[in-house]
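Worksheet for the structure shown next.
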Amino acid sequence: MPILKAQLNINPKIRYKSQAIIVFISDNTMHTKEETQWDFKAELTLLRVAKVTGGAPNKLSKIKVKQKLALREAYKTKKFLPLDLRPKKTRAIRRRLTKHQASLKTEKEKKKEMYFPIRKYAIKV
Numbered sequence: 002m003p004i005l006k007a008q009l010n011i012n013p014k015i016r017y018k019s020q021a022i023i024v025f026i027s028d029n030t031m032h033t034k035e036e037t038q039w040d041f042k043a044e045l046t047l048l049r050v051a052k053v054t055g056g057a058p059n060k061l062s063k064i065k066v067k068q069k070l071a072l073r074e075a076y077k078t079k080k081f082l083p084l085d086l087r088p089k090k091t092r093a094i095r096r097r098l099t100k101h102q103a104s105l106k107t108e109k110e111k112k113k114e115m116y117f118p119i120r121k122y123a124i125k126v
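Residues 2 to 126 (the numbering used here) are what the sequence shown spells out, left to right.
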């Protein structure tokens, strides 16, 4: 006769313990499920090792490149990019003003340019 283990099936809508339903699972089924879980984990580790060691040595880098390309496509329409997808460059370049920000002019500068344009002279020979 298999030993039974009780599990509480808790529903968020249930307010009192008396309304909770107790589900009995036999020890035998628990054991077989644990075994299959361990088998799947072992298979996954084998696949990971095969992915690393099997085939060309640059296989992992190719996989990484494909994943990054897929992520770039996914984040193309988003407002922000993850840090690892942003261009690396140097710290100074990253902190520099953008071309748009650098080209902006104050109201005073705009008025000065408007009222005192560059004089154009032509000498007649």
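Just so it is clear, CB atoms sit at the ideal spot from N, CA and C, and this is done for glycine as well.
- Query: Whose C-beta lies closer than 8 Å to the C-beta of L1 among residues of the same chain, with five residues either side of it excluded?
  - Reply: Coverage of the chain is limited to positions 2 through 126, which leaves residue 1 absent and any answer about it impossible.
- Item | Status (buried if at least 16 other CB within 10 Å, exposed otherwise) for A7 | Numbered from 1 along the sequence shown, position 6 holds the residue referred to as residue 7. Residue confidence for A7 is low, a pLDDT of 49 falling below 50, so the modelled location carries little weight and cannot support an answer.
- Message: At the level of alpha carbons, what is the spacing between L98 and S104?
- Response: One-based indexing of the sequence shown puts residue 98 at position 97. One-based indexing of the sequence shown puts residue 104 at position 103. Distance from the CA of L98 to the CA of S104, rounded to the nearest whole angstrom, comes to 9 Å.
- Message: Taking 8 Å as the threshold (beta carbon to beta carbon), is F81 in contact with chain D?
- Response: The displayed structure is made up of one protein chain only, and chain D is not part of it.
- Item | For K67 and K89, the rounded distance between their alpha carbons | Locating residue 89 in the sequence shown gives position 88, where the first residue counts as 1. Locating residue 67 in the sequence shown gives position 66, where the first residue counts as 1. Approximately 19 Å, taken between the alpha carbons.
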